[in-house]
Amino acid sequence: MSSMRLPFVLCTLAIAASSIALTGCDSKAADSKEAPVKAAATQTPGGGQSRAEVLAHVKMMSSLGEKLFMDPSLSGSGKLACALCHSPQHAFGPPNALSVQLGGSDIHRPGSRAVPSLKYLQSVPQFVEHFHDSDDEGDESVDAGPTGGLTWDGRVDHGADQARIPLLSSFEMGSTLAKVTAAVKAAPYADEFKKAFGANVFNDDKKAFEQTPQKFFPYTSKFDAFLAGRAKLNDAQPRLELFNDEKKGNCASCYISNRAKDGSPPQFSDFGLIAIGVPRNRNLPINKDRSSTISARAVPSAPT
Ligand code: HEC
Numbered sequence: 000m001s002s003m004r005l006p007f008v009l010c011t012l013a014i015a016a017s018s019i020a021l022t023g024c025d026s027k028a029a030d031s032k033e034a035p036v037k038a039a040a041t042q043t044p045g046g047g048q049s050r051a052e053v054l055a056h057v058k059m060m061s062s063l064g065e066k067l068f069m070d071p072s073l074s075g076s077g078k079l080a081c082a083l084c085h086s087p088q089h090a091f092g093p094p095n096a097l098s099v100q101l102g103g104s105d106i107h108r109p110g111s112r113a114v115p116s117l118k119y120l121q122s123v124p125q126f127v128e129h130f131h132d133s134d135d136e137g138d139e140s141v142d143a144g145p146t147g148g149l150t151w152d153g154r155v156d157h158g159a160d161q162a163r164i165p166l167l168s169s170f171e172m173g174s175t176l177a178k179v180t181a182a183v184k185a186a187p188y189a190d191e192f193k194k195a196f197g198a199n200v201f202n203d204d205k206k207a208f209e210q211t212p213q214k215f216f217p218y219t220s221k222f223d224a225f226l227a228g229r230a231k232l233n234d235a236q237p238r239l240e241l242f243n244d245e246k247k248g249n250c251a252s253c254y255i256s257n258r259a260k261d262g263s264p265p266q267f268s269d270f271g272l273i274a275i276g277v278p279r280n281r282n283l284p285i286n287k288d289r290s291s292t293i294s295a296r297a298v299p300s301a302p303t
C-alpha cells in the first residue's frame, strides 16, 4: 500500500474499501462467477500474473477510478466530485483563484486549506520525522528533518486513506460510507465495479501502481524534453544555471533539478516539511478565532 499515490486508482480503492467494509466483506465475491478479472486471469507458472494480465487489470482500475473521480453522486450534496476541486483542466488543482474551495452539504462551506495539484505524487516518499539521504543519492549523515507524506503537512501515508478524507469531511464532499456504497451500487459503472473487486480487492495495488495513468505524471514539459536531449533551453539556460548555482540562487538545494542516480526525472522537491512562519489567512472562517501562534507543522503555501 505504501506506494499507492494515484488519485484515480486510490479513489477506486478507497471507495472499494468503504463498500467492502459496509457489505460485511463480501467474501462470496471471490468464488462467485462474478469473480474479479484479476482472480479469473490465468496464473503464470510462478504463481503471478502475466504482464498482459496486469496491464488489463490496471487499465480497468484506472478507467473505473476516473469514473469515480468525476462522480458527484458520491458526495453528501450529490453535487461535488473530486474533479471539481482537483480539476483535470487545471493540472488536477483548483479551477479558480479562491484561497480554499467550497464544499459540504450545501457547497457553501469553505475548506481550511488550498487545494494541491494531484500531479507527480507518485514519488512522494512515506512520511518520516528524520529523513536521511540514501547512500547513493547524497550525504547519509545529514538529518533533513520531517519529509514526505501526502497533504500539506505530510500526515497521510496511504493514498486510499487520503481519498477517504475528502469523501467524509463535512466541509468537503460531506458523505458517509453508506452513501458512497449506495451511490456506487446505483451508478452506471456498478457492473464494472463488481467485475473489478472481490475479496482480494487490495492485493494488486502495487501492480496497479506500476502502470500509473500518464495524466498524473506526464513529464511532457520543455524541461523534460531538454533532459531527454530532445530540446534546447536557449534563453532559459542562464536561468537554470542561476537556479542551480550554490553561490547564487541555490534553489536546487531544495527544489532538486537533476535526475536521480537511477535516471528517474527530477520532481523539483525534496519533499521536506519546513516551518517557514507564513501567517494564517484571517479571511478564512477557520482562522477567525485562532490565536496567532503558528503551528510548528506549518508548511510552505498552506494558507491556514
Ligand atoms: C472540496 C474540495 C476537495 C474535494 C472535493 C477533494 N479534495 Fe482532495 N484535497 C483537497 C484539499 C484542500 C487538500 C489538501 C488537504 C490538506 O493538506 O490537509 C487535498 C489533498 C488531496 C490529496 C493529497 C495531495 C498531496 O499533494 O499530498 C489527494 C491524493 C487528494 N486530495 C485526492 C482526492 C480525491 C481522490 C478526491 C475525491 C474522492 C478528492 N481529493 C476530493 C480538496 C478537495
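In numbering that gives the first Met the number 0, the protein residues as written are 0 to 303.
Idealized CB from N, CA, C, for every residue including glycine.
From the options, residue whose alpha carbon lies closest to that of residue i
| i | options | result |
| --- | --- | --- |
| Gly148 | Phe270, Val277, Gly276 | Phe270 |
| Glu191 | Ser220, Gly64, Pro284 | Gly64 |
| Lys118 | Ala181, Gly276, Gln266 | Gln266 |
| Gln125 | Leu232, Ser61, Thr150 | Thr150 |
| Asp132 | Leu167, Cys250, Ile255, Arg281 | Ile255 |
| Asn280 | Arg258, Val155, Leu97 | Leu97 |
| Lys194 | Lys58, Arg50, Lys178 | Lys58 |
| Glu128 | Lys231, Thr146, Ile275, Asn282 | Thr146 |
| His85 | Gly75, Met69, Gly77 | Met69 |
| Ser104 | Gly228, Ser76, Tyr218 | Ser76 |
| Lys333 | Ser74, Glu52, Arg50 | Examination of residue 333 is not possible in this model, given that the chain is present from 0 through 303 alone. |
Residues of its chain near residue i, where Cβ-Cβ distance is below 6 Å and the 5 sequence neighbours each way are ignored
| i | result |
| --- | --- |
| Asp116 | Residue 116 is actually Ser in this sequence, not Asp. Hits under 6 Å: Ala90, Phe91, Gly92. |
| Ser122 | Gln266 |
| Gln161 | Leu149, Val155 |
| Pro94 | Ser86 |
N-terminal and C-terminal residue of the alpha helix (DSSP H) that residue i is part of
| i | result |
| --- | --- |
| Thr180 | 176-185 |
| Leu241 | 235-243 |
| Asp223 | 221-226 |
| Phe192 | 189-195 |
Cutoff 7 Å; reference residue i; Cβ partners in own chain excluding five residues on either side
| i | result |
| --- | --- |
| Gly110 | Val99, Gln100, Gly102, Phe170, Glu171 |
| Asp138 | Asp132 |
| Arg258 | Leu226, Pro264, Pro265 |
| Leu79 | Pro71, Gly102, Ile106, Met172 |
Close Cβ partners of residue i (< 8 Å) along its chain, the five nearest in sequence each way excluded
| i | result |
| --- | --- |
| Ala185 | Ser72 |
Distance cut-off 7 Å: residue i Cβ against heavy atoms of the ligand GTP
| i | result |
| --- | --- |
| Asp152 | Absence of the ligand GTP is noted for the structure shown, with the ligand HEC being the only ligands found. |
Can you list the alpha helix (DSSP H) stretches of 4 or more residues lying completely in the region 43-115, in chain order? 50-69, 81-84
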